[in-house]
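Notes follow the structure.
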């Protein structure tokens with residue numbers, strides 16, 4: 001199934017028709033290689049709410065890693081916007097983010113091992129800033 005990047009700002013799903021449209025084949029985030037925790041976390045954070053949208057649009061600061069803009073772009077244009085606009089994200093888009101997080105954080109195995117929400121959140125936090133707020 002086609003899953004092209006979607007630029008700009010796409011509003012979260014918000015109507016009962018949006019909810020009904022989410023049911024069926026090729027809907028949501030396609031799982032692959034133990035991605036279920038990250039898939040569920042991203043779906044919960046972005047499909048039906050804009051509470052976390054600041055992660056998608058906050059400008060880079062001097063405290064962020066140099067790859068910040070690319071991580072943010074992948075999250076926004078290859079995962080969140082396609083989920084909201086097309087109701088589906090292919091597994092290779094999630095794997096791209098997982099690979100970036102695996103290289104940029106101290107959490108290893110994000111592409112090959114099952115990791116819980118805390119490990120994925122730590123990877124995301126460390127990929128945004130040089131210092132992690134997690135212990």
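Numbering (full-length UniProt numbering), first residue to last: 1 to 135.
Beta carbons are placed, not taken as given, at the ideal position from N, Cα and C, and that holds for glycine.
In angstroms with no decimal places, state the Cα-to-Cα distance between residue i and residue j.
i	j	result
residue 86	residue 48	13 Å
residue 6	residue 28	16 Å
residue 71	residue 44	19 Å
residue 62	residue 83	30 Å
residue 69	residue 40	23 Å
residue 24	residue 66	39 Å
residue 32	residue 93	11 Å
residue 13	residue 99	27 Å
residue 19	residue 59	31 Å
residue 15	residue 108	39 Å
residue 21	residue 50	19 Å
residue 17	residue 95	29 Å
residue 103	residue 26	29 Å
Short check: CB of residue i to CB of residue j, under 8 Å?
i	j	result
residue 3	residue 80	no
residue 97	residue 74	yes
With DSSP as the reference, identify every bridge partner of residue i, one or two as the case may be.
i	result
residue 139	Past the edges of the chain, shown from 1 to 135, lies residue 139, and the structure says nothing about it.
Closest by CA to residue i, which one among the options?
i	options	result
residue 56	35, 30 and 46	46
residue 78	68, 67, 20 and 91	91
residue 10	101, 53, 105 and 59	53
residue 35	105, 106 and 101	101
residue 64	32, 105 and 31	105
residue 30	103, 58, 1 and 60	1
residue 8	108, 76, 26 and 17	76
For a minimum of 4 consecutive residues, which ranges assigned as the alpha helix (DSSP H) are wholly contained in the region 3 to 86? 16 to 21, 36 to 46, 54 to 57, 68 to 73 and 81 to 86
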